[in-house]
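What follows is a set of notes on a single structure, which appears directly below.
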Amino acid sequence: MWFWSADSVEQELFDLYASALRSLGVNFNDEQLQDTLEAASYGLEDAFRSAIVYMLWLEENLKPIYPTAKSMNSYQLSVIS
Numbered sequence: 001m002w003f004w005s006a007d008s009v010e011q012e013l014f015d016l017y018a019s020a021l022r023s024l025g026v027n028f029n030d031e032q033l034q035d036t037l038e039a040a041s042y043g044l045e046d047a048f049r050s051a052i053v054y055m056l057w058l059e060e061n062l063k064p065i066y067p068t069a070k071s072m073n074s075y076q077l078s079v080i081s
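Residues in the sequence shown are numbered from 1 upward in steps of one, following UniProt numbering.
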């Protein structure tokens with residue numbers, strides 16, 4: 001994201017997981033999500049992985065995915081804030 005320097009670990013992790021998260025419907029244009037990501041660094045990779053696993057589990061078990069889950073704000077990123 002633009003708030004991380006291009007050579008930062010956070011940007012590297014974002015680049016690694018962003019396409020998978022987008023394909024699951026995560027909206028990185030959401031202002032609240034951007035604020036959370038900007039403040040986050042510790043546990044970022046675990047948060048990205050947890051979000052992917054959780055959304056895949058929801059899809060596999062035919063559970064609805066609500067917009068708050070797609071924005072990753074409620075559970076996954078609150079752990080790292």
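Where a beta carbon is used, it is the ideal one built from N, C-alpha and C, also for glycine.
Check your understanding: Where do the N-terminal and C-terminal ends of the alpha helix (DSSP H) with residue 4 fall, by residue?
Key -> Element bounds for residue 4: n/a, residue is neither H nor E.
Review point. Cα separation between residue 52 and residue 58?
Key: Rounded to whole angstroms, residue 52 to residue 58 spans 10 Å at the Cα level.
**Study point:** Whole-angstrom distance between residue 8 and residue 16, CA atom to CA atom
**Key:** Roughly 13 Å between the two C-alpha positions.
Review point. Between which two residues does the alpha helix (DSSP H) carrying residue 53 extend?
Key: Counting along the chain, the alpha helix (DSSP H) containing residue 53 begins and ends at 44-60.
Exercise for review: Figure out for me which residue from 31, 24 and 38 has the closest Cα to the Cα of residue 50.
Suggested key: Minimum Cα distance to residue 50 is reached at 24.
Practice item. Could you check the C-alpha separation between residue 28 and residue 63 for me, to the nearest Å? Key: C-alpha separation (whole angstroms): 22 Å.
Review point. DSSP three-state call for residue 9: helix, strand or coil?
Key: In the structure shown, residue 9 adopts helical secondary structure according to DSSP, grouped into three states.
Point to revise | Contacting residues, own chain, Cβ-Cβ under 6 Å from residue 3 (five flanking each side not counted) | key: Excluding residues within five positions, the ones whose Cβ falls inside 6 Å are 38.
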